[in-house]
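A.B. asks: Let me begin by handing over the structure; questions about it come next.
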Amino acid sequence: MRRADQCIAQEKRWSADNYASLPVVLSRGLGAEAWDIEGKRYLDFMGAYSAANLGHCHPRIVRALTEQACTLGVVSRAFHNDKLGAFLQKACETTGMDRALPMNSGAEAVETALKAARKWAYEVKGVPDGKAEIICCARNFHGRTTGVISMSSSDRARAGYGPYLGGFRNIPFGDADALAAAIGPHTAAFLVEPIQGEAGIIVPPPGYLRACADLCRRHNVLFIADEIQTGLGRAGHVLACQEDDARPDGVVLGKALGGGMVPVSLFLARRDVMDVFRPGDHGSTFGGYPLAAAVGHEALCVMEDEQLCQRSRETGGALKAGLQAVAGDALRDVRGRGLMIGVELAGADAPAGRLAHALLERGVLCKNVDEHTIRLAPPLNIPPALVEEFLHVFAHELTRL
């Protein structure tokens, strides 16, 4: 039996069956390339769902992690540490927010945003206790915790996990008029992905986010952007909201914040929102621990120093142009911003999964986001030569579908 087969069999034997992983066992990565346990090389066009924006094993992230790991790991927030303040300052200055609350996973940071919005509604806006409502969009994806799936419109995400939390209202994505109609006196916040990822890389109409932000400001409703996938350069800006000149009241960050090494997330907001939290209200043992803070700070510095937002826009533009050039009748749409791109295939026979497997055989890591759409999200610092290599492979496999 091959080593890869042994690893897959062992994982299947001992793991819950909660992922449909492609049949490859990765063991090493560097930049935008990865190698499996048998030594085969791959181009990484998955980017770990945007967690690997800086690529694999970025030397500055490795150095920050190893130096901190040899100094101090975790002490909990029962004590101060010498890394957290600098990390939070850098994150706030980078995003234009006033304060930040560190967590670990993206879903935890979303839950933090929900708690903050509700408490702000009661203590600042004056909504009657227990009546706060949060508006979100149909086909959203904000995580998989019980509170977060209560916002979901997906039967697959919700089935078998009820009863669900109340106080959420779904509206169509990309429709500012729907938001205007949904806002009421008890509305605490509007939580939105600037680009819907799991729905198929759905980009809203120009001006949508700005219109929503303006509506929220007019009605004293918090505009909270879930930038876990779209932020930190993935869509071409520090925050994808900036494409629309929309300023959020709160932001959720994760994934790329950990530099491809450790889970780090933040909820950032203006001061009056964050001031609703008092000691003991919310927290996490590992949230903001020294290792995460050191890595998170360095990840933000690398993004800035290597001009990854600009590189994302430039490389993403070249990638989209290359995809459109080979499209023909096989592609229905190529959409996205920066290096967050969805390639929708034509045809009624759900070909996206087959194409992902075919690309894997040819040494490209990517995955379908639905039956017809392939998600492309390589590291933001991917060299142009690797983009050209990918386009050559993609064009060849497209003709074989």
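In my numbering, the protein residues as written are 155 to 555.
All C-beta atoms in this analysis are idealised placements derived from N, C-alpha and C, irrespective of residue type, glycine included.
(1) Kindly list the residues whose CB is nearer than 6 Å to the CB of Gln-478, restricted to its own chain and excluding five residues on each side of it in sequence; keep chain order.
(2) Helix, strand or coil, according to DSSP, for Ala-502 in the structure here?
(3) Roughly how many whole angstroms lie between the Cα atoms of Glu-352 and Met-257?
(4) Give the range of the alpha helix (DSSP H) segment to which Pro-538 is assigned.
(5) Do Ile-349 and Arg-529 have their CB atoms nearer than 8 Å?
(6) Using a 10 Å radius around the Cβ and a threshold of 16 neighbouring Cβ atoms, would you call Thr-225 buried or exposed?
(7) Thinking C-beta only, is Arg-491 closer than 8 Å to Gly-470?
(8) Roughly how many angstroms lie between the CA atoms of Tyr-318 and Val-406, to the nearest whole one?
(9) Report the residue ranges of all alpha helix (DSSP H) runs contained in full by the segment 381-429; include only those spanning at least 4 residues, in chain order.
(10) If distances are taken between C-alpha atoms only, which option among Val-178, Gly-390 and Arg-323 comes closest to Ala-520?
(11) In angstroms, rounded to a whole number, what distance separates the CA positions of Asp-252 and Tyr-203?
(12) Exposed or buried, His-296, counting other C-beta atoms within 10 Å across all chains shown (16 or more means buried)?
(13) Apply the 10 Å Cβ neighbour rule to Glu-542 and answer buried if 16 or more other Cβ atoms are within range, or exposed otherwise.
(14) For Ala-453 and Cys-211, what's the separation of their Cα atoms in angstroms?
(15) Tell me which residues share the same chain as Ala-510 and place their Cβ nearer than 8 Å to its Cβ, disregarding the 5 neighbours each side in the sequence.
(16) May I ask you to report which of helix, strand or coil DSSP gives Glu-460?
(17) I'd like the list of long-range same chain contacts for Ala-472, defined as Cβ closer than 8 Å, with 5 residues on each side in sequence excluded.
(18) Over the uninterrupted alpha helix (DSSP H) stretch that includes Leu-242, give me the two end residues.
(19) Alpha carbon to alpha carbon, what distance is there between Asn-535 and Gly-316?
C.D. replies: According to the data block:
(1) Val-488
(2) coil
(3) 22 Å
(4) 538-553
(5) no
(6) exposed
(7) yes
(8) 22 Å
(9) 425-428
(10) Rather than Ala, the amino acid found at residue 520 in this sequence is Cys. Minimum Cα distance to Cys-520 is reached at Val-178.
(11) 27 Å
(12) buried
(13) exposed
(14) 12 Å
(15) Leu-176, Cys-520, Lys-521, Asn-522 and Ile-528
(16) coil
(17) Pro-538 and Val-541
(18) 238-249
(19) 42 Å
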